[in-house]
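*Asks:*
Numbering (the numbering used here), first residue to last: 1 to 384.
#1: In three-state DSSP terms, what is residue 236?
#2: Tell me whether residue 209 sits in a helix, a strand or coil according to DSSP, three-state version.
#3: Which of the three DSSP states is assigned to residue 220 in this structure?
#4: Buried or exposed for residue 152, going by 16 or more other Cβ atoms inside 10 Å?
#5: With which residues is residue 244 paired in a DSSP beta bridge?
#6: Should residue 199 go down as buried or exposed, given a rule of 16 or more other Cβ atoms within 10 Å for buried?
#7: By Cβ distance below 6 Å, which residues in the same chain neighbour residue 378 in space, the five residues on each side in sequence not counted?
#8: Throw me the rounded Cβ distance for the residue 89 and residue 194 pair, which I believe falls under 8 Å.
#9: Measure the alpha-carbon distance for residue 102 versus residue 141 and round it to whole angstroms.
#10: Among the candidates 233, 257 and 182, whose CA atom is the shortest distance from the CA of residue 211?
#11: Below 8 Å, how does it come out for the segment 116-125 and the segment 143-160: are there three or more Cβ pairs, yes or no?
#12: Buried or exposed for residue 374, please, with buried defined as at least 16 other CB atoms from any protein chain shown within 10 angstroms of its CB.
#13: Which one of 232, 95 and 267 has the shortest CA to CA distance from residue 28?
#14: Within 10 Å of its beta-carbon, does residue 43 have 16 or more other beta-carbons around it, so buried, or fewer, so exposed?
#15: Alpha carbon to alpha carbon, what distance is there between residue 178 and residue 218?
#16: Which residue wins for smallest C-alpha separation from residue 284, given the options 248, 265, 262 and 273?
#17: Name, in chain order, the residues that DSSP records as bridge partners for residue 133.
#18: Roughly how many angstroms separate the alpha carbons of residue 14 and residue 311, rounded to a whole number?
#19: With DSSP as the reference, identify every bridge partner of residue 179, one or two as the case may be.
#20: Give me, in chain order, the residues of the same chain whose beta-carbon lies closer than 6 Å to that of residue 138; leave out the 5 immediate sequence neighbours on both sides.
#21: Ignoring anything shorter than 4 residues or poking outside the segment 80-126, list the alpha helix (DSSP H) runs there in chain order.
#22: Looking only at its chain, what residues have a beta carbon closer than 6 Å to the beta carbon of residue 47, apart from the 5 residues adjacent to it on each side?
#23: Looking at residue 172 and residue 136, is the spacing between their C-beta atoms short of 8 Å?
#24: Just to confirm my understanding: we take residue 261, look at its own chain, exclude 5 residues before and 5 after, and list those with CB closer than 7 Å. What are they?
#25: Looking at the unbroken beta strand (DSSP E) that takes in residue 290, where does it start and where does it end?
#26: State buried or exposed for residue 145, treating a residue as buried only when at least 16 other CB atoms are found within 10 Å of its CB.
#27: What does DSSP give as the partner residue(s) for residue 303 in the beta ladder?
#28: Comparing C-alpha positions only, which one of 175, 169, 170 and 85 sits nearest to residue 106?
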């Protein structure tokens with residue numbers, strides 16, 4: 001396990017103004033185009049959610065992958081209602097005063113999971129700063145109810161920061177989820193602009209504490225790209241996450257939900273996502289999922305398998321070569337019925353640290369600003 005995180009609290013810079021939209025881009029890049037949802041299985045899942053009174057982040061956050069995932073009975077359940085007590089500048093989820101918590105929700109969610117026969121379940125929530133412990137008991141209840149019905153399934157929880165409460169974190173971890181996820185989302189400089197209710201150092205501390213409290217559990221985090229961060233800041237975020245002993249990393253492109261949200265500073269190319277994934281490999285992440293359409297839960301079962309997640313929530317991380325991980329991911333996609341490829345990469349560290357491939361910018365996107373080389377950023381060897 002990594003050494004305790006140090007110097008988490010840093011001097012914050014003034015909140016920057018929102019970045020200007022990328023003027024050179026005349027249309028959405030082709031790699032971000034997806035099929036409109038509407039297949040038979042998609043409609044079946046939608047009906048099931050309505051019948052059981054459940055919410056999904058797929059709908060509430062307007063995820064571009066909803067058609068693909070729902071058509072293959074993969075969904076991320078959102079508990080504690082559909083109204084958030086915070087108002088992040090990039091998020092499509094409604095904010096305001098939430099309805100009272102329904103204590104029967106874990107049972108209804110477990111019934112939906114059993115009806116869908118899911119092998120890997122992802123549960124997230126809105127922020128509920130109005131509730132004691134931020135709703136931690138609801139997460140624990142969901143894990144317990146699902147495990148009682150599907151003991152061979154793995155459960156992943158994507159939790160809020162609980163305002164830094166270690167007691168709330170311990171409640172969730174006591175239920176032994178296979179993976180505990182908390183997204184860092186963006187670089188420290190942009191936190192006050194993009195995520196005013198959160199704190200960069202608090203997010204890192206939560207992840208570090210999760211590994212300290214349950215060393216045999218897996219942790220995961222994600223970063224949104226395109227909010228105005230610099231390349232070096234992305235790598236710094238990745239290094240900070242490794243210093244918090246995070247196992248799994250997701251990297252995806254920011255897509256503006258509406259004109260009321262932060263504009264897109266720029267689009268990252270698929271080649272740039274591949275380069276960042278390779279940097280993450282050398283930093284020592286067990287698994288890196290990086291592509292323009294990657295979201296925290298996109299192909300989450302592949303991430304769980306590659307990282308060695310256990311239904312009992314007590315597995316040690318599995319390290320495979322990049323080729324082995326790729327073959328395993330392709331097998332899982334074939335088994336689940338997913339077609340196509342080329343839009344995502346599921347990567348884990350190779351035993352030998354290779355230099356990253358530096359790719360040119362896609363012709364649909366203006367060239368990125370000058371950035372330091374990966375070697376200059378000090379990522380030539382895994383961070384332990």
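All C-beta atoms in this analysis are idealised placements derived from N, C-alpha and C, irrespective of residue type, glycine included.
*Replies:* The structure says:
#1: Here residue 236 corresponds to residue number 236 of the chain shown, with the count starting at 1. DSSP places residue 236 in helix when its eight states are reduced to three.
#2: By 1-based counting over the chain shown, the position of residue 209 is 209. In the structure shown, residue 209 sits in a helix (DSSP, three-state: H, G or I).
#3: Within the chain shown, residue 220 is the residue found at index 220, counting from 1. Residue 220: strand per DSSP, three-state reduction.
#4: Within the chain shown, residue 152 is the residue found at index 152, counting from 1. So residue 152 ends up on the exposed side.
#5: Here residue 244 corresponds to residue number 244 of the chain shown, with the count starting at 1. Residue 244 is not bridged to any residue.
#6: Numbered from its first residue, the chain shown carries residue 199 at position 199. Looking at its Cβ environment, which holds 16 or more other Cβ atoms inside 10 Å, residue 199 is buried.
#7: On the chain shown, position 378 is the one that residue 378 refers to. At residue 378 the pLDDT is 48, less than 50, meaning the model places this residue with poor confidence; the figure from the coordinates comes in the next sentence. Once the five neighbours on either side are set aside, residue 378 has no close Cβ partner at all.
#8: Taking the chain shown and counting its residues from 1, the one referred to as residue 89 is at position 89. Taking the chain shown and counting its residues from 1, the one referred to as residue 194 is at position 194. Yes, residue 89 and residue 194 are in contact; Cβ-Cβ is about 5 Å, under 8 Å.
#9: By 1-based counting over the chain shown, the position of residue 102 is 102. By 1-based counting over the chain shown, the position of residue 141 is 141. Roughly 12 Å between the two C-alpha positions.
#10: In the chain shown, the residue the question calls residue 211 occupies position 211. Considering only alpha carbons, the answer is 182.
#11: yes
#12: Position 374 of the chain shown, counted from the first residue, corresponds to residue 374. Because the pLDDT of residue 374 is 43, which lies under 50, any placement of that residue in the model is unreliable, and the number read from its coordinates should be weighed accordingly. Its Cβ being crowded by 16 or more others within 10 Å, residue 374 is buried.
#13: For this step, residue 28 is matched to residue 28 along the chain shown. The candidate whose alpha carbon is nearest that of residue 28 is 267.
#14: What you label residue 43 is simply residue 43 of the chain shown in a count that begins at 1. Exposed: under 16 other Cβ atoms inside 10 Å.
#15: As a working note, residue 218 is residue 218 in the chain shown. As a working note, residue 178 is residue 178 in the chain shown. Roughly 7 Å between the two C-alpha positions.
#16: Along the chain shown, one-based indexing puts residue 284 at 284. Comparing Cα positions, the closest option is 248.
#17: As a working note, residue 133 is residue 133 in the chain shown. DSSP lists no partner for residue 133.
#18: Counted from its first residue, the chain shown places residue 14 at position 14. Counted from its first residue, the chain shown places residue 311 at position 311. Residue placement at residue 14 is flagged as unreliable, the pLDDT there being 44, under the threshold of 50; a coordinate-derived value is accordingly withheld.
#19: Position 179 of the chain shown, counted from the first residue, corresponds to residue 179. DSSP output for residue 179 lists 156 and 218 as bridge partner(s).
#20: As a position in the chain shown, residue 138 is number 138, starting the count at 1. Excluding residues within five positions, the ones whose Cβ falls inside 6 Å are 79 and 80.
#21: 105-116
#22: Counting from one through the chain shown, the residue named residue 47 turns up at place 47. Taken in chain order, the list of residues that qualify is empty.
#23: Mapped onto the chain shown, residue 136 falls at position 136. Mapped onto the chain shown, residue 172 falls at position 172. For residue 136 and residue 172, yes; Cβs fall inside 8 Å.
#24: Here the question's residue 261 lines up with position 261 in the chain shown. Within the same chain, residue 261 has close Cβ partners 89 and 90.
#25: The residue labelled residue 290 in the question sits at position 290 within the chain shown. 287-290 is the span of the beta strand (DSSP E), which, as asked, contains residue 290.
#26: Within the chain shown, residue 145 is the residue found at index 145, counting from 1. Under this definition residue 145 is a buried residue.
#27: Reading the chain shown from its first residue, position 303 is the one you call residue 303. According to DSSP, which records beta bridges pairwise, residue 303 is partnered with nothing at all.
#28: Residue 106 sits at position 106 when you count from the first residue of the chain shown. That would be 175, whose Cα lies nearest to the Cα of residue 106.
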